[in-house]
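To start, the structure itself, in structure tokens.
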Amino acid sequence: MEHERTDGHGDNDDSSTSVLTDGAAVNLPPALAAGRLLIVGGGYCGSRLARRVRAGGGQVRVTRRQPDGADDLVLDDATGVRPDPDRLADTTHLLVTAAPAADGLDPALRLLAGELAGWPLRWVGVLSSTGVYGDSGGAWVDEETPLPAASGRSASRIRCEETWRSLDLPLQILRLPGIYGPGRNPLAGLRRGEARLLHKPGQVFSRVHVDDIIGAILHCLALPADQRPTLLNVADQRPAPSSEVLGFAAHLLGVPLPPFRWYAEAEATMGPMARSFWQDNRRVSSRRLTDGLGYGLQHPTYREGLRSCLREEGLPAPAQAAPRPADH
Ligand SMILES: NC(=O)c1ccc[n+]([C@@H]2O[C@H](COP(=O)([O-])OP(=O)(O)OC[C@H]3O[C@@H](n4cnc5c(N)ncnc54)[C@H](OP(=O)(O)O)[C@@H]3O)[C@@H](O)[C@H]2O)c1
Numbered sequence: 004m005e006h007e008r009t010d011g012h013g014d015n016d017d018s019s020t021s022v023l024t025d026g027a028a029v030n031l032p033p034a035l036a037a038g039r040l041l042i043v044g045g046g047y048c049g050s051r052l053a054r055r056v057r058a059g060g061g062q063v064r065v066t067r068r069q070p071d072g073a074d075d076l077v078l079d080d081a082t083g084v085r086p087d088p089d090r091l092a093d094t095t096h097l098l099v100t101a102a103p104a105a106d107g108l109d110p111a112l113r114l115l116a117g118e119l120a121g122w123p124l125r126w127v128g129v130l131s132s133t134g135v136y137g138d139s140g141g142a143w144v145d146e147e148t149p150l151p152a153a154s155g156r157s158a159s160r161i162r163c164e165e166t167w168r169s170l171d172l173p174l175q176i177l178r179l180p181g182i183y184g185p186g187r188n189p190l191a192g193l194r195r196g197e198a199r200l201l202h203k204p205g206q207v208f209s210r211v212h213v214d215d216i217i218g219a220i221l222h223c224l225a226l227p228a229d230q231r232p233t234l235l236n237v238a239d240q241r242p243a244p245s246s247e248v249l250g251f252a253a254h255l256l257g258v259p260l261p262p263f264r265w266y267a268e269a270e271a272t273m274g275p276m277a278r279s280f281w282q283d284n285r286r287v288s289s290r291r292l293t294d295g296l297g298y299g300l301q302h303p304t305y306r307e308g309l310r311s312c313l314r315e316e317g318l319p320a321p322a323q324a325a326p327r328p329a330d331h
């Protein structure tokens, strides 16, 4: 089977290539391969990036609130516990994946900002959210779209982005829509019979596969520093209703869809978090990344993305699956 590249950068990169167990080639930009990456927050994106960079021969340190392995550093803004400054002072690349707290500061800003100027930093990446664009009524938004006056979590994001931008750092803020990938997608819920088929007319969601976040980061790091935009949306090219995505996931698995419900009927039974998820309707453009910077999305739509999740989660891809009774 031909495997996809995960990095998206050019053929002229002379760094060495290694292969992960999922078959993805990892080709690190030379400066990253020779540097030291600190990832604040070894969650879904952070731990997958760490694995990729290590597979490519790079040096990575990861912080968590509770150490998960011998190499983890503890950093937790709730307790103020943080790594010894001497252990971080040679950091060349910093990726912040921890979300901001309600006061608009993320844990890295609160606990590390004072010492960043003394580090030999060549790149600082901050994972932010396309929630900062608010509700566009389904219209496309890009990095030039003015941000609305925000409240709640979006206001924290905006404050956090502004604070990062006020520091004199080689900064890139990556604005992300719903993140999915292996272990975080509708397939598992459908298999367990726990998925909900909700539909709100006109409502779409943008999304991005975790490997395109990693691919976009590696692509940017392979560019000259002055060509890396400070603000960058990373989203796939097909915003779609969640009902459409669930329908495709059910098709891939060959399982029936759960009963249909209108969102308006289900809303009263939903918690505030789930309701806020459905509040905004927007289409996120990543043309700055694709057309402007030349990044080729590995998963341009949820279709390629879900197929690849299915492969990585170890179940047969549809073409190899046993025929269902209905197919006879
Ligand atoms: N999930 C989405 O669909 C989505 C969409 C748009 C944007 N985002 C944002 O993108 C970023 C990365 O997402 P993700 O899904 O990779 O997040 P994740 O899996 O929740 O990982 C976040 C990491 O940050 C650490 N962290 C959280 N709060 C912290 C605190 N107070 N002090 C220290 N560390 C803390 C967590 O530590 P532990 O390992 O100890 O838990 C975890 O390792 C987040 O900012 C997220 O809000 C997510």
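Residue numbers (my numbering): 4 to 331. Just so it is clear, CB atoms sit at the ideal spot from N, CA and C, and this is done for glycine as well.
{"Query": "Three-way DSSP call (helix, strand, coil) for ASP79 in this model", "Result": "strand"}
{"Query": "Residues near GLY49 by beta carbon distance below 8 Å, same chain, minus five either side", "Result": "ILE42, VAL43, VAL65, LEU98, THR100"}
{"Query": "THR24 classed as buried or exposed, judged by whether at least 16 other C-beta atoms fall within 10 angstroms", "Result": "Note that THR24 scores a pLDDT of 47, beneath 50, so its modelled location is shaky; the value from the coordinates is reported in the next line. Result: exposed."}
{"Query": "C-alpha distance - ALA153 paired with ASP138, whole-angstrom precision", "Result": "10 Å"}
{"Query": "Cβ shell of GLY61 (< 7 Å), same chain only, five flanking positions each side left out", "Result": "LEU31, LEU35, ALA36, LEU40"}
{"Query": "Residue from THR293, HIS96, VAL211, ASN284 whose Cα sits closest to the Cα of LEU179", "Result": "VAL211"}
{"Query": "At least 3 beta-carbon pairs within less than 8 Å: the segment 73-83 vs the segment 124-143", "Result": "no"}
{"Query": "Inter-residue CB distance, ASP214 and HIS302 (contact presumed, cutoff 8 Å)", "Result": "7 Å"}
{"Query": "Through-space distance from THR304 to ARG291, alpha-carbon basis", "Result": "17 Å"}
{"Query": "Near ligand 1: ARG67 beta-carbon under 6 Å from a heavy atom", "Result": "yes"}
{"Query": "Closer than 6 Å: THR100 CB and nearest ligand 1 heavy atom", "Result": "yes"}
{"Query": "Whole-Å CB distance - PRO244 paired with HIS202, under 8 Å assumed", "Result": "6 Å"}
{"Query": "CA nearest to the CA of SER289, picked from GLN282, ASP283, GLY299, PHE280", "Result": "GLY299"}
{"Query": "Per-residue DSSP class, three states only, for ALA243", "Result": "strand"}
{"Query": "One or two residues paired with TYR183 in a DSSP bridge", "Result": "HIS212"}
{"Query": "Reference PRO33, options GLU270, LEU226, ARG264, closest by Cα", "Result": "LEU226"}
{"Query": "For PRO242, the nearest candidate out of ARG310, GLY107, GLN175, ARG306 (CA to CA)", "Result": "ARG306"}
{"Query": "PHE263, buried or exposed, once every other Cβ within 10 Å from all chains shown has been counted against 16", "Result": "exposed"}
{"Query": "Minimum C-alpha distance to GLU146 - residue among SER159, GLU164, LEU309, ARG156", "Result": "GLU164"}
{"Query": "Buried/exposed call for ARG160, threshold 16 Cβ in 10 Å", "Result": "buried"}
{"Query": "Backbone secondary structure at ARG314 - three-state DSSP", "Result": "helix"}
{"Query": "Closest residue to GLY205 among ASN236, TRP281, ALA104, PRO189 (Cα-Cα distance)", "Result": "TRP281"}
{"Query": "heavy atom of ligand 1 below 6 Å from CYS312 C-beta", "Result": "no"}
{"Query": "Beta-carbon proximity check, ILE176 vs LEU234, cutoff 7 Å", "Result": "yes"}
{"Query": "Candidates ALA191, LEU108, GLY45: closest to GLY72 by CA position", "Result": "GLY45"}
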